Structures are given as C-alpha cells and as structure tokens.
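By the count of the UniProt record's numbering, the sequence shown reaches residue 134 at its end, each step adding exactly one. The beta carbon of each residue, even a glycine, is placed where N, CA and C say it ideally should be. The structure presented is a predicted model; accordingly, all values stated were derived computationally and were not measured. Here's the structure, in structure tokens; my notes come after.
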Amino acid sequence: MSTDPFCEIIAGERPATMVHSDEVAVSFLDARPVFKGHVLVVPRIHVETLTDLADVGPFFERVQAMARAVEKGLQVAGSFVAMNNRVSQSVPHLHVHIVPRNRKDGLRGFFWPRTRYDSTEEAASYADLIAKAL
C-alpha cells in the first residue's frame, strides 16, 4: 500500500476531521477548504485516478450521498462536485471534492481560494452537521 497522505488518514496514521467511513470510502474535511464544509471522499483502496477504480458504482453512491448530506447538513443552495486525474491532482490518490455552494458566494470558474477553520472544534462542528445529514 502507498504511503500517500490519504492512505495515512485511512489507516489512522494521520489526523483528519472525519465525516463518514465505511468499507468502500472515507470522507473527511479538506484541511484547506474552498468553503467551510468542503469534504473529500476517497476510496478506501489505493487507486490514483478514476480510470484505475475497478468498481465505480459503490464509490459514487458514497459521493452522491455525501453531496446530498453537505447540502442538507449545511443548509446550502447546492454543491460543486469535482475531481482531477493526474493534472492538478495534489495527492496521487483518487479523491472527489464536494464544496458547499450558495449563490454569489464568490467562487468563479476554477479559481479556488482556500480558507482555514478557526479551530479543530469548528471543523468538528461542520463534520458533525454533515454526518448527521447522511
């Protein structure tokens, strides 16, 4: 198994603010979110890109459920769901970004300004709102 940061999070060797975890995928808050509540969904098995994932159905069921939970849990108007394959992929482990969105929130195109949580408690409160909406 690779020692990329996401594999380390999955193995419990690196801290992350967890939202949900099961036998298929692990979901946690992005440490540098576009907007607070920005979740990453990663397959539990190490694959680098979408084309490397053998069984996409179960994984994308988790992505779909998490997108719904982000919108419902954070009471936002919608979400931006995205992934990169190799180019602009900061971690070589398949991951899907689910970014909470509201109209006129300032996000334009693919320019993703990043923010930070004020504390681990604030991050945990966002993760809890989303997890409760699953």
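Residues bridged to Asp53 by DSSP? Before going further, note that residue 53 is Leu rather than Asp in the sequence given. Its beta-bridge partners do not exist; DSSP assigns none.
DSSP puts Phe80 in a beta bridge; with which residues? Val99
Per DSSP, cross-strand counterpart(s) of Ser27: Secondary-structure assignment with DSSP links Ser27 through a beta bridge to His20 and Val41.
Could you tell me the boundaries of the alpha helix (DSSP H) in which Glu13 lies? Note, Glu13: premise wrong, no alpha helix (DSSP H); not H, not E.
Val81 vs Val56 beta-carbon contact at 9 Å: no
Under DSSP, the alpha helix (DSSP H) around Tyr126 begins and ends at which residues? Thr120 to Lys132
Kindly give me the distance between the Cβ atoms of Val47 and Ser27, rounded to whole angstroms, as I take these residues to be in contact under 8 Å. The distance from the Cβ of Val47 to that of Ser27 is about 16 Å, inconsistent with a contact at the 8 Å cut-off.
Using three-state DSSP, classify Arg108 as helix, strand or coil. strand
The region 115-131 in contact with the region 19-37 per 3-pair CB rule at 8 Å: Contact holds: three or more Cβ-Cβ distances are below 8 Å.
From the DSSP output, in three-state form, read off Gln58 for me. Residue identity differs from the one stated: residue 58 is Pro in this sequence, not Gln. In the structure shown, Pro58 sits in a helix (DSSP, three-state: H, G or I).
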